Amino acid sequence: IGKKCTTQSNGSAYTKQARPCVRYSLTDHFLKYVLFLSNLMFTILGLVVLGLGMWGLISKESFAQEKISSIGTDPMLVLVSLGVVLTALCLLGSVGALRENCVLLKVFSAVVLVLLGAQVLVAILSYTTQDQIRGYLRSGMLTAMARYQDDLDLRFIVDEIQTNLQCCGADDYRDWEINIYYNCSAPGVLACGVPATCCVDPLENGTVWNSQCGVGAQKLDEFTAQTVIFLGGCLGGISRWIEQHQGLIGTIGIVVLGVQILTLFITTRLLESIQWHKALYNTVK
Numbered sequence: 003i004g005k006k007c008t009t010q011s012n013g014s015a016y017t018k019q020a021r022p023c024v025r026y027s028l029t030d031h032f033l034k035y036v037l038f039l040s041n042l043m044f045t046i047l048g049l050v051v052l053g054l055g056m057w058g059l060i061s062k063e064s065f066a067q068e069k070i071s072s073i074g075t076d077p078m079l080v081l082v083s084l085g086v087v088l089t090a091l092c093l094l095g096s097v098g099a100l101r102e103n104c105v106l107l108k109v110f111s112a113v114v115l116v117l118l119g120a121q122v123l124v125a126i127l128s129y130t131t132q133d134q135i136r137g138y139l140r141s142g143m144l145t146a147m148a149r150y151q152d153d154l155d156l157r158f159i160v161d162e163i164q165t166n167l168q169c170c171g172a173d174d175y176r177d178w179e180i181n182i183y184y185n186c187s188a189p190g191v192l193a194c195g196v197p198a199t200c201c202v203d204p205l206e207n208g209t210v211w212n213s214q215c216g217v218g219a220q221k222l223d224e225f226t227a228q229t230v231i232f233l234g235g236c237l238g239g240i241s242r243w244i245e246q247h248q249g250l251i252g253t254i255g256i257v258v259l260g261v262q263i264l265t266l267f268i269t270t271r272l273l274e275s276i277q278w279h280k281a282l283y284n285t286v287k
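Structure (structure tokens):
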């Protein structure tokens, strides 16, 4: 967006007629560069997220022939997908703003509007289908526990949940029976045990990580087990965490939606300004 002034010759070497100037306001310049810089920043963020996802897939050799069939369930694929969408969308917005391209800006605003509507729909469904969501979480947690020893990403997620929420298993600590290594019929030393992240105090002498602190925990009665491991399941811990942080979650949700609405407003205002000035320029041409 800028000053569009040219001169027009009438064929004489000495006579020139100036075309009227079409000037843009400071507000228009401000909106253009705010939209450009903000989208550029999120484009870089999208590339970082995409890079982390690809690094995770490559480091685990997920593209190897024997693993490629299960790549669809790899948690790193979430980062890759998010990175691709974020990069493509924000690149569209930044180029559209910088080049004053109405087509790109219209596509950008349409995609943002669709994503905004989808997020509102997800929020409504999350509130009205809490029982079903709890069922999906339970199924996902049990699946992650069953693959605990085989998938480093799932192991990391489960360990983080159990450590931070001070819980063990989905509903209780005996859910670890689902894992072939912690199953009581397993032949190894882990049989009838739970991971160290279930332990109340996983540090030996307060300094050394004791990976065997949960061995045999499933054999203990609840009274004895409570001195060694956390008895409560993580689904209950997740529910309590959400209840305790409802205000924060709501605030973050409102801020995210607000940023997207503001982006739509800026894009729409910029589009109107570009179209109006182009029409005016063609009129006085």
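So the working numbering is basically just the index in the sequence shown, starting at one, shifted up by 2.
Every residue, glycine too, gets a C-beta built ideally from N, C-alpha and C.
Quantities reported herein were computed from a predicted structural model and do not represent experimental measurements.
Beta-carbon spacing of residue i, residue j below 8 Å
i, j, result
"phenylalanine 232", "valine 202", "yes"
"tryptophan 178", "methionine 143", "no"
"tyrosine 175", "alanine 120", "no"
"aspartate 173", "leucine 222", "no"
"leucine 107", "leucine 273", "yes"
"glutamine 262", "leucine 42", "no"
"glycine 137", "glycine 235", "no"
"proline 204", "alanine 198", "yes"
"cysteine 194", "glycine 239", "no"
"alanine 125", "glycine 249", "no"
"aspartate 30", "serine 275", "yes"
"isoleucine 135", "serine 128", "yes"
"alanine 104", "glutamine 246", "The sequence given here has cysteine at residue 104, not alanine. Result no, Cβ atoms of cysteine 104 and glutamine 246 do not sit closer than 8 Å."
"leucine 154", "lysine 62", "yes"
"leucine 59", "aspartate 76", "yes"
Collapsed DSSP secondary structure at residue i in the structure displayed
i, result
"valine 210", "strand"
"leucine 192", "coil"
"alanine 281", "helix"
"valine 217", "coil"
"asparagine 103", "coil"
"cysteine 2", "The displayed coordinates of the chain run from 3 to 287. Any statement about residue 2 would go beyond what the structure contains."
"asparagine 181", "coil"
"arginine 242", "helix"
"threonine 253", "helix"
"arginine 149", "coil"
"leucine 144", "helix"
"cysteine 322", "Since the first and last residues shown for the chain are 3 and 287, residue 322 lies out of range."
"aspartate 290", "It is not possible to answer for residue 290, since the shown part of the chain is limited to 3 through 287."
"lysine 34", "helix"
"aspartate 76", "coil"
"serine 83", "helix"
"serine 27", "coil"
"threonine 131", "coil"
"lysine 108", "helix"
Beta-bridge pairing of residue i - partner residues as DSSP gives them
i, result
"glycine 234", "Asp174"
"cysteine 201", "Ile231"
Report yes or no: do the segment 48-58 and the segment 79-92 share at least 3 C-beta pairs separated by less than 8 Å?
-> yes
Please confirm if the segment 182-190 is in contact with the segment 155-171, defined as three or more CB-CB distances below 8 Å between the two stretches.
-> no
At least 3 beta-carbon pairs within less than 8 Å: the segment 95-111 vs the segment 218-230 = no
For the 8 Å Cβ check, are there 3 or more pairs between the segment 153-162 and the segment 214-224?
-> no
Quick one: any contact between the segment 101-115 and the segment 257-271, if contact means 3 or more CB pairs under 8 Å?
-> yes
Stretch-stretch touch, CB-based, cutoff 8 Å, three pairs: the segment 79-89 with the segment 52-61 = yes
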